[in-house]
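Asker: Note that full-length UniProt numbering gives residue 28 to position 28 of the sequence shown, counting from 1, and the numbers run on in steps of one.
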Amino acid sequence: MPRDDKRALVEGTIVEMGLQDCADTVIGNWHLRGVSGGEKRRVSIALELLMRPRLLFLDEPTSGLDSSSAFFVTQTLRGLARDGRTVIASIHQPSSEVFELFDMLFLLSGGKNVYFGQAAQACEFFAEVGFPCPPLRNPSDHFLRCVNSDFDKVKATLKGSMKARIERSDDPLDKITTSEAIRKLVSAYNRSQYYYAAREKVNDIARIKEQ
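And the structure:
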């Protein structure tokens, strides 16, 4: 690739990742001040984009970032997806604002598929199964609450001191174990419209590949 084309590619990637304001700033380290944590994360993504991939895998791209930086990074990734790329990311406890930026949600528990479909429809699915998201709870926190067995240990620890309160609770998750909730969710998903819609999409992709 000619030098001018390389420079144009780098400059275009800087703009694409919103790094214009720190383009001439050193990255920095533990004793040298440089770019912020969010900017450093975007630089890492930008380095991958220089190869112009159509498919981008990211492992917890917002981990360790404050809420505003996490939102900016995720919004940037959403822009890449809107530009024709496929972005697949694992993410750890996103805020409600960050969660709303995702198009699709793939929720696993112990290797079992609990849900795969439109992220915006996940609350509807959980409500249909009997685990509605409380009005003031972050949806992503609610989904993890339903499938993370660590919460059973917390309930067991608090059971003695909070027995009366738990018995009066309206939360269905307080009345069953997480493993029971997971079995119920997996069984419901495998019979749901979301499962058949996802399978049809996979079959469509397979048919395109065969052509």
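All residues carry an ideal CB built from backbone N, CA and C; glycine is no exception.
Taking Phe-102 as part of the beta strand (DSSP E), name the residues at either end of that continuous run.
Answerer: In the DSSP annotation of this structure, Phe-102 is not part of any beta strand (DSSP E), being labelled neither H nor E.
Asker: Return yes when the Cβ of Leu-105 is within less than 8 angstroms of the Cβ of Ala-122, no when it is not.
Answerer: yes
Asker: Comparing alpha-carbon positions, which option in Phe-72, Lys-6, Glu-60, Asp-24 lies nearest Leu-49?
Answerer: Lys-6
Asker: What's the gap between the Cα of Leu-144 and the Cα of Tyr-194?
Answerer: 19 angstroms
Asker: How would you write the range of the beta strand (DSSP E) that Leu-58 sits in, first residue to last?
Answerer: 55–59
Asker: Does the distance from the C-beta atom of Pro-61 to that of Phe-99 stay below 8 angstroms?
Answerer: No, these two residues do not count as a Cβ contact at 8 angstroms.
Asker: Roughly how many angstroms separate the alpha carbons of Ala-120 and Leu-108, rounded to a whole number?
Answerer: Those two C-alpha atoms are separated by around 17 angstroms.
Asker: Alpha carbons only, please: which of Asn-203, Lys-184, Val-10, Val-15 is nearest the one belonging to Lys-112?
Answerer: Lys-184
Asker: Can you list, in chain order, the residues of its chain with a C-beta nearer than 8 angstroms to that of Val-10? Leave out the 5 residues immediately preceding and following it.
Answerer: Leu-50
Asker: Spell out the partners DSSP gives Ala-89 in its beta bridges.
Answerer: The bridge partners DSSP lists for Ala-89 are Leu-58.
Asker: What would DSSP say about Val-26, mapped onto helix, strand or coil?
Answerer: Coil.
Asker: By DSSP, does Lys-175 sit in helix, in strand, or in coil?
Answerer: Here Lys-175 sits in coil by DSSP.
Asker: Please report the straight-line C-alpha distance between Ala-164 and Val-129, rounded to a whole angstrom.
Answerer: Since pLDDT at Ala-164 reaches only 47, below the 50 mark, its modelled position is unreliable, and the value read off the structure follows with that caveat. Roughly 26 angstroms separates the two Cα atoms.
Asker: How big is the Cα-Cα spacing for Arg-137 and Gly-37?
Answerer: Computed Cα separation, rounded: 28 angstroms.
Asker: Is Val-147 helix, strand or coil by DSSP?
Answerer: helix
Asker: If you follow the beta strand (DSSP E) that Phe-71 is in, where does it begin and where does it stop?
Answerer: No beta strand (DSSP E) holds Phe-71; the alpha helix (DSSP H) holding it covers 67–82.
Asker: Rounded C-beta distance between Ser-63 and Ser-95? I'm assuming under 8 angstroms.
Answerer: Wrong, their Cβ atoms sit about 13 angstroms apart, outside the cutoff.
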